[in-house]
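Numbering (mature numbering (1 follows the signal peptide of the UniProt record, and there is no 0)), first residue to last: -23 to -1, 1 to 175.
Below, the structure written as C-alpha coordinates:
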(Lines of atoms letter the chains of each structure in order from A and count residues from 1; the text may use other names and numbers.)
(Lines give C-alpha, C1' and ligand atoms only; values in the text may rest on other atoms or scores of the structure.)
Protein backbone atom coordinates (compact mmCIF):
# COMPACT_ATOMS: atom_id res chain seq x y z
CA UNK A 1 0.00 0.00 0.00
CA UNK A 2 1.56 3.32 -1.03
CA UNK A 3 1.74 6.45 1.09
CA UNK A 4 -1.03 8.26 -0.79
CA UNK A 5 -3.47 5.41 -0.23
CA UNK A 6 -2.57 5.18 3.47
CA UNK A 7 -2.97 8.94 3.91
CA UNK A 8 -6.32 8.88 2.07
CA UNK A 9 -7.60 6.00 4.20
CA UNK A 10 -6.37 7.74 7.34
CA UNK A 11 -8.19 10.95 6.38
CA UNK A 12 -11.38 8.99 5.63
CA UNK A 13 -11.14 7.26 9.03
CA UNK A 14 -10.65 10.61 10.79
CA UNK A 15 -13.56 12.13 8.85
CA UNK A 16 -15.86 9.21 9.71
CA UNK A 17 -14.79 9.42 13.34
CA UNK A 18 -15.58 13.12 13.40
CA UNK A 19 -18.97 12.49 11.82
CA UNK A 20 -19.72 9.90 14.49
CA UNK A 21 -18.80 12.34 17.23
CA UNK A 22 -20.83 15.04 15.54
CA UNK A 23 -23.86 12.74 15.48
CA UNK A 24 -23.57 12.10 19.20
CA UNK A 25 -23.29 15.80 19.97
CA UNK A 26 -26.32 16.43 17.79
CA UNK A 27 -28.32 14.02 19.92
CA UNK A 28 -27.83 16.37 22.86
CA UNK A 29 -29.65 19.07 20.89
CA UNK A 30 -32.62 16.93 19.87
CA UNK A 31 -36.13 18.06 20.85
CA UNK A 32 -36.08 15.47 23.67
CA UNK A 33 -33.29 17.48 25.30
CA UNK A 34 -35.24 20.75 24.99
CA UNK A 35 -36.63 22.33 28.15
CA UNK A 36 -39.84 23.11 26.24
CA UNK A 37 -42.85 20.83 25.81
CA UNK A 38 -46.63 20.78 25.30
CA UNK A 39 -48.29 17.56 26.48
CA UNK A 40 -51.81 16.45 27.37
CA UNK A 41 -54.25 13.58 27.07
CA UNK A 42 -57.38 13.67 24.90
CA UNK A 43 -59.90 11.11 26.13
CA UNK A 44 -56.96 9.26 27.76
CA UNK A 45 -54.84 9.23 24.56
CA UNK A 46 -51.46 10.94 24.93
CA UNK A 47 -50.66 13.97 22.74
CA UNK A 48 -47.14 15.43 22.61
CA UNK A 49 -46.08 18.44 20.58
CA UNK A 50 -42.29 18.28 20.39
CA UNK A 51 -40.44 21.59 20.21
CA UNK A 52 -38.71 21.87 16.82
CA UNK A 53 -37.13 25.35 16.65
CA UNK A 54 -34.79 24.36 13.84
CA UNK A 55 -37.75 24.18 11.43
CA UNK A 56 -40.66 26.02 13.09
CA UNK A 57 -41.80 27.91 16.18
CA UNK A 58 -44.51 25.42 17.09
CA UNK A 59 -44.56 26.10 20.84
CA UNK A 60 -45.05 29.74 21.83
CA UNK A 61 -46.20 31.92 24.67
CA UNK A 62 -46.79 35.64 24.99
CA UNK A 63 -47.61 37.79 27.99
CA UNK A 64 -48.17 41.49 27.48
CA UNK A 65 -50.18 44.43 28.74
CA UNK A 66 -52.78 46.11 26.56
CA UNK A 67 -52.34 49.68 27.79
CA UNK A 68 -55.35 51.02 25.87
CA UNK A 69 -57.77 48.62 27.54
CA UNK A 70 -55.79 48.13 30.77
CA UNK A 71 -55.74 44.36 30.32
CA UNK A 72 -53.08 41.73 30.89
CA UNK A 73 -53.03 39.37 27.91
CA UNK A 74 -51.72 35.79 27.85
CA UNK A 75 -51.57 33.51 24.81
CA UNK A 76 -50.20 29.96 24.77
CA UNK A 77 -49.97 27.72 21.73
CA UNK A 78 -48.78 24.22 20.98
CA UNK A 79 -49.00 22.67 17.53
CA UNK A 80 -47.57 19.65 15.82
CA UNK A 81 -46.79 21.58 12.62
CA UNK A 82 -47.38 25.22 11.75
CA UNK A 83 -47.46 24.09 8.12
CA UNK A 84 -50.74 22.20 8.75
CA UNK A 85 -53.01 24.93 10.13
CA UNK A 86 -56.10 23.97 12.10
CA UNK A 87 -54.85 20.45 12.79
CA UNK A 88 -53.15 19.04 15.88
CA UNK A 89 -53.13 22.34 17.73
CA UNK A 90 -54.15 23.64 21.15
CA UNK A 91 -54.43 27.36 21.92
CA UNK A 92 -55.24 29.09 25.21
CA UNK A 93 -56.01 32.81 25.30
CA UNK A 94 -56.86 34.90 28.37
CA UNK A 95 -57.02 38.52 29.38
CA UNK A 96 -57.53 39.93 32.83
CA UNK A 97 -57.65 43.26 34.64
CA UNK A 98 -54.93 42.05 37.03
CA UNK A 99 -51.49 40.59 36.38
CA UNK A 100 -51.36 36.83 35.84
CA UNK A 101 -49.51 35.12 38.66
CA UNK A 102 -48.27 31.66 39.53
CA UNK A 103 -50.10 29.32 41.87
CA UNK A 104 -53.57 30.62 40.98
CA UNK A 105 -56.07 28.50 39.05
CA UNK A 106 -57.86 30.38 36.28
CA UNK A 107 -61.14 29.01 34.95
CA UNK A 108 -63.97 29.89 32.59
CA UNK A 109 -66.54 29.06 35.29
CA UNK A 110 -66.88 30.66 38.72
CA UNK A 111 -65.90 28.49 41.68
CA UNK A 112 -64.43 28.91 45.13
CA UNK A 113 -61.18 27.34 43.89
CA UNK A 114 -60.57 29.47 40.79
CA UNK A 115 -60.27 33.00 39.45
CA UNK A 116 -62.36 33.89 36.39
CA UNK A 117 -60.48 36.29 34.08
CA UNK A 118 -62.12 38.88 31.83
CA UNK A 119 -61.76 36.58 28.82
CA UNK A 120 -60.85 32.90 28.55
CA UNK A 121 -60.90 30.59 25.56
CA UNK A 122 -59.28 27.19 25.07
CA UNK A 123 -59.46 25.58 21.65
CA UNK A 124 -58.20 22.30 20.24
CA UNK A 125 -58.07 21.12 16.63
CA UNK A 126 -57.65 17.35 16.34
CA UNK A 127 -55.86 15.45 13.57
CA UNK A 128 -58.98 15.67 11.38
CA UNK A 129 -59.35 19.42 11.85
CA UNK A 130 -62.39 19.15 14.11
CA UNK A 131 -62.48 22.03 16.58
CA UNK A 132 -63.38 21.70 20.27
CA UNK A 133 -63.71 24.77 22.47
CA UNK A 134 -64.39 26.14 25.92
CA UNK A 135 -65.00 29.81 26.65
CA UNK A 136 -66.41 32.02 29.39
CA UNK A 137 -69.95 31.14 30.30
CA UNK A 138 -72.63 33.76 30.59
CA UNK A 139 -75.59 33.58 32.94
CA UNK A 140 -78.04 33.49 30.02
CA UNK A 141 -76.16 30.99 27.84
CA UNK A 142 -74.07 28.56 29.89
CA UNK A 143 -72.74 26.63 26.89
CA UNK A 144 -69.39 25.46 28.19
CA UNK A 145 -67.99 22.92 30.62
CA UNK A 146 -65.22 23.94 33.03
CA UNK A 147 -61.57 24.25 32.02
CA UNK A 148 -58.68 25.19 34.29
CA UNK A 149 -55.23 26.71 33.82
CA UNK A 150 -52.52 27.22 36.44
CA UNK A 151 -49.19 28.96 35.89
CA UNK A 152 -46.18 27.45 37.64
CA UNK A 153 -43.62 29.84 36.18
CA UNK A 154 -43.73 33.11 34.23
CA UNK A 155 -40.30 34.47 33.31
CA UNK A 156 -38.71 36.49 30.54
CA UNK A 157 -37.64 33.23 28.88
CA UNK A 158 -40.71 31.04 29.16
CA UNK A 159 -44.11 30.22 30.61
CA UNK A 160 -44.86 26.95 32.39
CA UNK A 161 -48.07 25.50 33.76
CA UNK A 162 -50.85 22.92 33.73
CA UNK A 163 -54.33 22.74 32.20
CA UNK A 164 -57.36 20.46 31.97
CA UNK A 165 -61.07 20.42 31.28
CA UNK A 166 -63.80 19.46 28.86
CA UNK A 167 -64.00 21.01 25.38
CA UNK A 168 -67.16 20.93 23.28
CA UNK A 169 -68.00 21.02 19.59
CA UNK A 170 -71.17 22.80 18.50
CA UNK A 171 -72.90 23.04 15.14
CA UNK A 172 -74.59 26.44 14.77
CA UNK A 173 -75.45 26.12 11.07
CA UNK A 174 -79.19 25.80 11.75
CA UNK A 175 -79.32 28.98 13.82
CA UNK A 176 -78.98 27.30 17.19
CA UNK A 177 -76.12 25.63 19.05
CA UNK A 178 -76.35 21.87 18.65
CA UNK A 179 -73.79 19.88 20.64
CA UNK A 180 -72.17 17.36 18.29
CA UNK A 181 -69.01 16.33 20.12
CA UNK A 182 -66.87 16.65 23.23
CA UNK A 183 -63.42 15.71 24.48
CA UNK A 184 -61.83 15.52 27.92
CA UNK A 185 -58.39 17.11 28.33
CA UNK A 186 -56.40 15.70 31.27
CA UNK A 187 -52.82 15.85 32.52
CA UNK A 188 -52.09 18.91 30.40
CA UNK A 189 -48.72 20.53 30.98
CA UNK A 190 -46.60 22.98 29.03
CA UNK A 191 -43.37 24.91 29.10
CA UNK A 192 -43.25 27.24 26.12
CA UNK A 193 -40.68 29.86 25.11
CA UNK A 194 -41.84 33.42 25.55
CA UNK A 195 -41.92 35.17 22.20
CA UNK A 196 -42.23 38.74 23.45
CA UNK A 197 -40.21 40.97 25.75
CA UNK A 198 -41.26 40.89 29.43
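All C-beta atoms, glycine included, are put in the ideal place defined by N, C-alpha and C.
- Residue 54 is classed as buried because its beta carbon has at least 16 other beta carbons within 10 Å across all chains shown.
- In its chain, beyond the 5 residues on either side, 69, 111 and 124 have a beta carbon closer than 6 Å to the beta carbon of residue 99.
- Under DSSP, the beta-bridge partners assigned to residue 160 are 144.
- Along the region 42 to 103, the alpha helix (DSSP H) does not occur as any fully enclosed run of 4 or more residues.
- Bridge pairing for residue 170: 135 [DSSP].
- Judged by DSSP in its simplified three-state form, residue 10 adopts helix.
- Taking the Cβ atoms as the reference, residue 143 lies roughly 14 Å from residue 164, outside the contact range of under 8 Å.
- In the DSSP assignment, residue 151 falls outside any beta strand (DSSP E) and carries neither an H nor an E.
- The beta carbons of residue 131 and residue 92 sit no closer together than 9 Å.
- Pairing residue 170 with residue 62 gives a Cβ-Cβ distance that is not under 9 Å.
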